[in-house]
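Those sequence lines, one after another, are chains A and B.
All you need for this note's numbering is the position in the first sequence, starting with 1, plus 5.
All you need for this note's numbering is the position in the second sequence, starting with 1, plus 2.
Input: a single structure, listed below in structure tokens.
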Amino acid sequence: MNLRLLLIIFFCLPTLASAGSKIIATGGATTVEGNAGGGIVPWAVINGYASSDEWSVTTFAGRVGVNDFSLNSAGIALSLDNTWELSYARQRFALESIGGSLSQDIFSVKYHLAGELLYTAMPQISLGIQHKRNLDFALPQAVGARSANGTDFYLAASKLLFNQVAGRNLLLNGTLRASKANQTGLLGFGSSNDNSYQLLFEGSAAVLLNYNLALGIEYKQKPDNLAFAAEQHWRDIFIAWFINKNVSVTGAYVDLGNIAGQGSQTGYYLALEATW
Amino acid sequence: MVKRSGLIGACLALLLGCSTATGPVLYQRLGAEEGINAIVDGLLFEIEHDERIVHHFADSDIGRFRAMLTEQLCDLTGGPCQYSGSTMQQSHTGFNITLADYDALVEGLIKVMQRQQISITDQNALLALLAPMYKDISYR
Ligand code: HEM
Numbered sequence: 006m007n008l009r010l011l012l013i014i015f016f017c018l019p020t021l022a023s024a025g026s027k028i029i030a031t032g033g034a035t036t037v038e039g040n041a042g043g044g045i046v047p048w049a050v051i052n053g054y055a056s057s058d059e060w061s062v063t064t065f066a067g068r069v070g071v072n073d074f075s076l077n078s079a080g081i082a083l084s085l086d087n088t089w090e091l092s093y094a095r096q097r098f099a100l101e102s103i104g105g106s107l108s109q110d111i112f113s114v115k116y117h118l119a120g121e122l123l124y125t126a127m128p129q130i131s132l133g134i135q136h137k138r139n140l141d142f143a144l145p146q147a148v149g150a151r152s153a154n155g156t157d158f159y160l161a162a163s164k165l166l167f168n169q170v171a172g173r174n175l176l177l178n179g180t181l182r183a184s185k186a187n188q189t190g191l192l193g194f195g196s197s198n199d200n201s202y203q204l205l206f207e208g209s210a211a212v213l214l215n216y217n218l219a220l221g222i223e224y225k226q227k228p229d230n231l232a233f234a235a236e237q238h239w240r241d242i243f244i245a246w247f248i249n250k251n252v253s254v255t256g257a258y259v260d261l262g263n264i265a266g267q268g269s270q271t272g273y274y275l276a277l278e279a280t281w
Numbered sequence: 003m004v005k006r007s008g009l010i011g012a013c014l015a016l017l018l019g020c021s022t023a024t025g026p027v028l029y030q031r032l033g034a035e036e037g038i039n040a041i042v043d044g045l046l047f048e049i050e051h052d053e054r055i056v057h058h059f060a061d062s063d064i065g066r067f068r069a070m071l072t073e074q075l076c077d078l079t080g081g082p083c084q085y086s087g088s089t090m091q092q093s094h095t096g097f098n099i100t101l102a103d104y105d106a107l108v109e110g111l112i113k114v115m116q117r118q119q120i121s122i123t124d125q126n127a128l129l130a131l132l133a134p135m136y137k138d139i140s141y142r
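Right, dumping it as structure tokens:
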């Protein structure tokens with residue numbers, strides 16, 4: 006997608022159609038993998054503002070910039086009935102200091118099983134599947150990855166608690182993921198001596214300062230399959246600004262640990278999202 | 003001895019004072035009778051102008067709805083009222099109120115509270131009381 010096309014999408018299309026009935030911010034932001042969530046953790050919420058018997062479309066583009074790497078991602082999601090979220094995202098990971106890049110496609114489906122984020126005592130619970138296809142497998146293979154494609158499964162629970170922190174609402178999320186991915190799939194899946202799924206925990210907590218601003222933290226546990234370099238957990242502190250139901254902006258300070266032997270990778274995340 | 007018990011008494015009074023001094027109840031913070039009336043009238047206006055949900059009220063006695071909702075909000079928020087209407091299950095049965103309907107009404111309520119410049123804390127306190135009624139109201 007070129008920049009002009011993106012700008013047209015972001016600023017023109019939302020005005021053509023009204024968003025759905027869900028309360029602002031309850032569709033979350035979009036993760037770098039294209040799912041409704043924070044920046045790196047998928048939540049149980051369905052993207053966009055489609056409530057029951059409604060549909061909505063969300064697009065996003067984001068960039069992570071850390072010491073030796075950058076990750077550009079962009080994607081689109083269709084949400085139906087506040088129940089289904091179908092999404093596609095393309096990621097391009099550039100090895101700024103080493104040279105070269107790695108890309109992957111991510112096709113996801115999320116199904117809202119039970120609970121309503123705002124209205125039920127039970128958290129909202131969703132099941133998700135991400136099918137990832139690495140498009141530059143030569144390098145991952147060279148460093149020991151077993152396969153270019155992989156599928157992650159996750160179960161997420163999200164709950165908004167009213168009036169918790171200085172009168173503000175608190176959003177809590179916990180996600181359990183089964184994965185074989187190395188660096189979320191950018192370095193392929195599994196290794197020559199380990200091709201089993203690992204169960205990983207991801208979590209986030211955010212305070213809604215008002216209806217439009219969320220301030221939060223995220224944590225994402227990661228496997229460590231490849232012998233050539235240690236893989237570490239990811240963390241971030243984010244602020245999401247839901248300008249209206251059509252446009253939101255997310256910024257974060259991220260800590261991705263060591264990547265491919267390059268020491269502590271910290272930096273920024275910036276994403277723009279449009280919904281209609 | 004007298005002096006000491008007096009001191010203990012004073013401390014106790016202070017402690018009790020502190021533990022009960024959580025400020026005025028929500029009813030007062032929302033502006034008591036006048037404030038609740040304004041919220042209910044604002045909400046009626048929002049419903050009337052919301053094509054997503056206004057049809058549910060086509061055959062309703064709006065006067066009664068207004069009186070009952072006012073009484074209920076007064077009661078819920080700690081005001082000097084006793085809700086005398088039907089239960090939430092009874093009054094919403096047969097309307098098949100959906101999640102989208104509920105979202106629409108909550109969004110209308112938020113608009114009203116924003117317009118009346120109710121603090122975010124008090125808005126959240128009221129929403130905390132109303133959100134859980136979803137299970138009694140929806141899909142009946
Ligand atoms: C926020 C939660 C809600 C509360 C606290 C609430 C409260 C009430 C109250 C107190 C009454 C009057 C009961 C009586 O006459 O004894 C009522 C009636 C009614 N409510 Fe709700 N309500 C809520 C949500 C909704 C929603 C989401 C809808 C649909 C969009 C709705 C539609 C109606 C209708 C149509 C009536 C009139 C029923 C009749 O004509 O008899 N309510 N509600």
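Virtual Cβ for every residue (Gly too), placed ideally from N, Cα, C.
Computed from a predicted structure; not experimentally measured.
Looking from the CA of A183 (chain A), the closest CA among A:L76, A:F74, A:A279 and A:P228 belongs to A:P228. For G110 (chain B), the closest alpha carbon among the candidates B:E36, B:E35 and B:E50 is that of B:E50. An exposed status is given to E53 (chain B), since fewer than 16 other beta-carbon atoms sit within 10 Å of its beta-carbon.
In terms of beta-carbon proximity, Y216 (chain A) lines the interface with chain B, with at least one pair separated by less than 8 Å. For Y116 (chain A), no CB of chain B lies under 8 Å from its own CB, so it is not counted at the interface with that chain.
By the CB criterion at 8 Å, I244 (chain A) and N217 (chain A) fall outside the cutoff. Within the region 114 to 190 of chain A, the complete beta strand (DSSP E) segments of 3 residues or longer fall at 129 to 139, 150 to 152, 154 to 170 and 173 to 184, listed in chain order. Taking a beta-carbon distance threshold of 8 Å, R138 (chain A) does not count as an interface residue toward chain B.
For the region 166 to 196 of chain A, residues whose beta-carbon sits nearer than 9 Å to a beta-carbon of chain B comprise L166, F167, N168, Q169, A171, G172, R173 and N174. Closer than 7 Å to some heavy atom of the ligand HEM: that does not describe the Cβ of L122 (chain A). At a C-beta separation below 7 Å, A162 (chain A) has no neighbours in chain B, since its nearest C-beta there lies roughly 17 Å away.
Ranked by Cα distance from V212 (chain A), the first of A:A66, A:K250 and A:N178 is A:N178.
Two segments are said to touch when three or more pairs of C-beta atoms, one from each, lie closer than 8 Å; by this definition the region 53 to 68 of chain B does not touch the region 130 to 142 of chain B.
Neighbourhood of A126 (chain A) in chain B, by CB distance below 9 Å: P134 and K137, in chain order. Within the chosen limit of 7 Å, the ligand HEM reaches the beta carbon of I139 (chain B) through at least one heavy atom.
Y273 (chain A) sits exposed, since fewer than 16 C-beta atoms from the chains shown fall within 10 Å of its C-beta. Going by DSSP, F243 (chain A) is part of no alpha helix (DSSP H) but of the beta strand (DSSP E) stretching over W239 to F247. Between the alpha carbons of G155 (chain A) and L144 (chain A) lies a distance of about 16 Å.
Inter-residue distance for L45 (chain B) and V114 (chain B) is about 6 Å (C-alpha atoms, whole angstroms). The C-beta separation of G193 (chain A) from A150 (chain A) comes to about 3 Å, placing the pair in contact by the 8 Å criterion.
Across the set B:Y136, B:I112 and B:E35, the C-alpha of B:I112 shows the shortest separation from the C-alpha of A127 (chain B). Taking a beta-carbon distance threshold of 8 Å, N126 (chain B) counts as an interface residue toward chain A. Interface criterion met: the Cβ of T123 (chain B) is under 8 Å from a Cβ in chain A.
Judged by DSSP secondary structure, D77 (chain B) falls within the alpha helix (DSSP H) whose first and last residues are I64 to L78.
For L204 (chain A), the uninterrupted beta strand (DSSP E) run begins and ends at Q203 to L213, by DSSP. When Cβ-Cβ separations below 8 Å define contact, E90 (chain A) makes no contact with chain B. Take the alpha-carbon of S269 (chain A) and the one of L261 (chain A): they are about 7 Å apart. Taking CB atoms only, T72 (chain B) has no neighbour in chain A less than 8 Å away. Taking all protein chains shown into account, F206 (chain A) has fewer than 16 neighbouring C-beta atoms within 10 Å of its C-beta and is therefore exposed. Between E121 (chain A) and Q129 (chain A) the beta-carbon gap is near 6 Å, inside 8 Å, which marks them as a contact.
The straight-line gap separating the alpha-carbon atoms of E35 (chain B) and M70 (chain B) is approximately 14 Å.
When DSSP states are grouped into helix, strand and coil, L85 (chain A) belongs to the strand group.
Taking 8 Å as the cut-off, the Cβ atoms of A66 (chain A) and N87 (chain A) do not count as close. In the structure shown, the three-state DSSP call for K225 (chain A) is strand. For S75 (chain A), the three-state secondary structure derived from DSSP is strand.
Across the structure, S57 (chain A) and W89 (chain A) are spaced so that their CA atoms are roughly 11 Å apart.
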